[in-house]
Amino acid sequence: MTNEATPTVVAEVACPLCGHACDDLGVDTAGAALAVVANGCERARQGFARLGVISPAATPRIDGRQASLDEACAEAARILAASAQPVFGGMALDVGGARGAMELADAAGGVIDHMNNEFGWRASRVVQDGGGINTTLAEVKNRADLIVLVGTDAVSAQPRFFERCVWVQETMFDLQPASRRIVYLGAGLDTAPGHSPDGRAPDVFEFDLNRMPEALSLLNALLARQPVAGEAPLGIALARWQELAEALRAAKYSVIVWAAPAFELSQVDLNVSAIVGIVRKLNTTTRCNSLPLAGNDGDLSMGAVHIWQTGFPMRTSYASGTPQFDPVHNGIDRLLATGEADALVWISSLNDRVAPPACGVPTVVIAPPSQQLDAEPRVFIPVATPGMHHSGHFVRTDKVVTLPLRALRASSLPAAGQVAAMIAARLGEVKA
Ligand code: SF4
Numbered sequence: 004m005t006n007e008a009t010p011t012v013v014a015e016v017a018c019p020l021c022g023h024a025c026d027d028l029g030v031d032t033a034g035a036a037l038a039v040v041a042n043g044c045e046r047a048r049q050g051f052a053r054l055g056v057i058s059p060a061a062t063p064r065i066d067g068r069q070a071s072l073d074e075a076c077a078e079a080a081r082i083l084a085a086s087a088q089p090v091f092g093g094m095a096l097d098v099g100g101a102r103g104a105m106e107l108a109d110a111a112g113g114v115i116d117h118m119n120n121e122f123g124w125r126a127s128r129v130v131q132d133g134g135g136i137n138t139t140l141a142e143v144k145n146r147a148d149l150i151v152l153v154g155t156d157a158v159s160a161q162p163r164f165f166e167r168c169v170w171v172q173e174t175m176f177d178l179q180p181a182s183r184r185i186v187y188l189g190a191g192l193d194t195a196p197g198h199s200p201d202g203r204a205p206d207v208f209e210f211d212l213n214r215m216p217e218a219l220s221l222l223n224a225l226l227a228r229q230p231v232a233g234e235a236p237l238g239i240a241l242a243r244w245q246e247l248a249e250a251l252r253a254a255k256y257s258v259i260v261w262a263a264p265a266f267e268l269s270q271v272d273l274n275v276s277a278i279v280g281i282v283r284k285l286n287t288t289t290r291c292n293s294l295p296l297a298g299n300d301g302d303l304s305m306g307a308v309h310i311w312q313t314g315f316p317m318r319t320s321y322a323s324g325t326p327q328f329d330p331v332h333n334g335i336d337r338l339l340a341t342g343e344a345d346a347l348v349w350i351s352s353l354n355d356r357v358a359p360p361a362c363g364v365p366t367v368v369i370a371p372p373s374q375q376l377d378a379e380p381r382v383f384i385p386v387a388t389p390g391m392h393h394s395g396h397f398v399r400t401d402k403v404v405t406l407p408l409r410a411l412r413a414s415s416l417p418a419a420g421q422v423a424a425m426i427a428a429r430l431g432e433v434k435a
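Using my numbering, you'd call the opening residue of the sequence shown number 4 and step up by one each time.
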């Protein structure tokens, strides 16, 4: 859809640059770079400008030398054919890219992992073991009267969270958005967006983020009406904690917002498990839901395709011919560090800022021309970006919406999924 007054501006563009997946951007396609001119955030403005640029000079490379796409795919296939245990990382992809990556990893007998998965698998394991109750962005927007942000300010992960879900103009029911109560747990958070439009400040329970397990245990104990020790747990008056527990009990629809990468790695399981406990307790008398902020770098898009196709999450090996899920063994950082992996394929069309690990094994990088690299890989194949150069699909943070991504301008570069499928076909020829 174009705005008639400015025919180069495309309206209602969906953004794949974080899991919030806003679908209201206006993007001007006239210049060399794509310019976000309506809505959007700074991450979107920078990302569309950098990833949406047309790079006619970008060509595949083998050992730093210019090569044709066919030559680069053939070399990548040779590397995979010679590998006993290839690993596939990055995976910041839309659904189509994820399908291609799966096809290639399966053909190569590799292991797939996502750049965010060191945190993600730990959080998922808690829900696998004991279940959990999550909500959607629409429910937050229309129903949440108390929002508790646990160790995250939300906007660091998903910059327009407050703009699109909290301080909105209207809701579907009788909730007045400006009356919502906002509570932050933890120090070092950007609490400015938590101020209501009429200037009401949020409640901030400021303490070292590494003490989050204590804070959540305390809340669990208070909600269970158990005695707790001390007059000022974590340096905050017990009366404030008690009041928060009462507020959660009294709320009609509270939401606990968290983001796994905001937690100290070794505490992810503990914190998520405590959040699940709080939500479970509160739902015996009122409504409370958890909202994990995920989907950044296409992690939910990749995760969804992986589950659809195999029944397992990522960190699954295809080496035996059947999928073998083992999140502890199959972390690709671990496999590379121990020398168990002997080739790396890094596929990422949505995040060009995270560089592939410099790991000393033959490396194939399938990424935008602007991809940051710490070292020249054996093979580099530049690709187009979904939602900018070609259409696609992207799974939002709450997993209930898969947004269509639009092609805003043509690129001569192939999509990541196409490249992966081409290498898989070449690999089949090499093995035959
Ligand atoms: S909040 Fe996320 S999805 Fe929305 S415009 Fe910013 S980067 Fe894009």
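Positions of the beta carbon are idealized from the N, C-alpha and C atoms, including for glycine. As the structure is a computational prediction, the values presented were derived from the model and not from experiment.
Bridge partners - residue i, DSSP secondary structure assignment
| i | result |
| --- | --- |
| Thr319 | Ile115, Phe328 |
| Cys291 | Ser257 |
| Asn137 | Ser293 |
| Leu152 | Tyr187, Val260 |
| Phe208 | Leu188 |
| Leu406 | Phe397 |
| Gly306 | None; Gly306 has no bridge partner. |
| Phe383 | Arg64, Val368 |
| Ile350 | Gly93, Ile369 |
| Ala38 | Asp31 |
Assumed close pair residue i, residue j - CB separation to whole angstroms, cut-off 8 Å
| i | j | result |
| --- | --- | --- |
| Leu237 | Arg214 | 6 Å |
| Val271 | Ala126 | 6 Å |
| Val153 | Leu188 | 5 Å |
| Leu408 | His396 | 6 Å |
| Ala52 | Ala38 | 7 Å |
| Ala36 | Gly67 | Not really, about 26 Å apart at Cβ, beyond 8 Å. |
| Pro216 | Leu273 | 5 Å |
Other residues of its chain near residue i: CB distance less than 8 Å, five sequence neighbours each side excluded
| i | result |
| --- | --- |
| Thr5 | Any reading at Thr5 is ruled out, since the residue's pLDDT is 44, under 50, leaving its predicted position unreliable. |
| Ala69 | Per the sequence presented here, residue 69 reads as Gln, with Ala not at that position. Thr62, Pro63. |
| Gly133 | Ser276, Val279 |
| Phe176 | Asn145, Arg146 |
| Phe165 | Ala157, Val158, Pro196, Gly197 |
| Glu173 | Pro180 |
Residues near residue i in its chain [Cβ-Cβ closer than 6 Å; skip 5 each side]
| i | result |
| --- | --- |
| Ala262 | Thr155, Ala160, Leu296 |
| Ala307 | Val398 |
| Asn42 | Asp27, Leu28 |
| Leu20 | Arg46, Ala47, Gly50 |
| Ile426 | Cys76, Ala79, Ala80, Leu107 |
| Leu338 | Val90, Ala344 |
Residue i Cβ short of 7 Å to the ligand SF4 heavy atom set
| i | result |
| --- | --- |
| Leu20 | yes |
| Pro162 | yes |
| Ala141 | no |
| Leu294 | no |
| Ala95 | no |
| Leu28 | yes |
| Ala47 | yes |
| Ala24 | yes |
| Gly197 | no |
| Gly3 | Residue 3 lies beyond the residue range present for the chain, which begins at 4 and ends at 435; the question has no answer from this structure. |
| Gly191 | no |
| Cys44 | yes |
Own chain partners of residue i with C-beta closer than 7 Å, once the 5 adjacent residues on each side are dropped
| i | result |
| --- | --- |
| Thr32 | Thr11, Val13, Leu411, Arg412 |
| Phe383 | Pro63, Arg64, Val368 |
| Leu430 | Ala80, Leu83, Ala84, Ala110, Ala111 |
| Ala108 | Phe91, Ile115, Tyr321 |
| Ala235 | Leu241 |
| Gly22 | Gln161, Leu296, Ala297, Gly298, Asn299, Leu303, Arg399, Thr400 |
| Ala248 | Leu222, Leu225, Leu226 |
| Gln179 | none |
| Glu7 | Because Glu7 carries a pLDDT of 44, less than 50, the predicted location of this residue cannot be relied on, and the following value inherits that uncertainty. Contacts found: none. |
| Asn286 | Ile136 |
| Pro200 | Trp170, Ala181 |
| Gln131 | none |
| Thr313 | Thr319, Pro326 |
| Asp211 | Ala190 |
| Val361 | At residue 361 the sequence reads Ala, which differs from the Val that was named. Closer than 7 Å at the Cβ level, and outside the excluded window around Ala361, lie Asp377, Ala378. |
| Arg193 | Correcting the residue type first, residue 193 is Asp in the shown sequence and not Arg. Excluding sequence neighbours, Asp193 sits near Asp156, Val158, Ser159. |
Cβ-Cβ distance between residue i and residue j below 8 Å
| i | j | result |
| --- | --- | --- |
| Pro264 | Gly93 | no |
| Asp148 | Arg102 | no |
| Leu96 | Ala419 | yes |
| Val90 | Leu268 | no |
| Tyr256 | Arg167 | no |
| Thr138 | Asn292 | yes |
| Glu343 | Gln88 | yes |
| Val231 | Ile259 | no |
| Val386 | Pro371 | yes |
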